[in-house]
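The next block holds one structure in the form of structure tokens; read it before the comments.
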Amino acid sequence: MEAVTTDIAAFILERLDDEERDARAATPGPWRVGNFPRERVVYSGPDEADVLIYDEGGHSEADAHHVARQDPAATVARVEALRALVEVMELSANDGDCNVDAVGEEALRHVAAIWRHHEGYDERWTR
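Per my numbering, the sequence shown starts with residue 109, numbered consecutively.
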């Protein structure tokens, strides 16, 4: 595998480890949005007592839906899917087929761009 592909894959896997660690440490879900505009809250479970965030005068209904969509279980599922994609792309890059290698590396570049604002992101990965 080309060095740049190895570097990108390692960067992605480190970011996925960060995201999984944070998701597993977060309040378990399922997270859900209360009845806007009356209930300006996101719940972390089925009961009304399971308030995760509440309106402090700052979040909109769209913000609440976005937060609820980042439920820890959903985040872990995305992490697992992206890890599997990285594994497939690494295998593709290792199989010796130049076309597959180029596609695999290009796919990894796109995945790495998710974290383009992270200090470890290498701008040379951007094409």
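Glycine included, each C-beta is placed from N, C-alpha and C at the ideal position. Predicted model, so just to flag it, every value in this text is computed and none were measured.
Contact between A117 and E227 is ruled out by a C-beta separation of about 18 Å, above the 8 Å threshold. The continuous stretches of alpha helix (DSSP H) do not include A157, and DSSP gives it neither H nor E. DSSP, reduced to helix, strand and coil, places R140 within a strand of the structure shown.
One Cα belongs to R140, the other to V219, and the distance between them is close to 28 Å. Per the DSSP secondary-structure output, I120 pairs with nothing in a beta bridge.
Looking at the DSSP output, I161 sits in a beta bridge with V150.
Shown here, A134 sits in coil according to DSSP, grouped into three states, outside any helix or strand.
L121 and R232 do not touch by the CB rule: their CB atoms are close to 19 Å apart, not below 8 Å. Look at E227 here: in three-state DSSP terms it is coil, with no helix or strand label.
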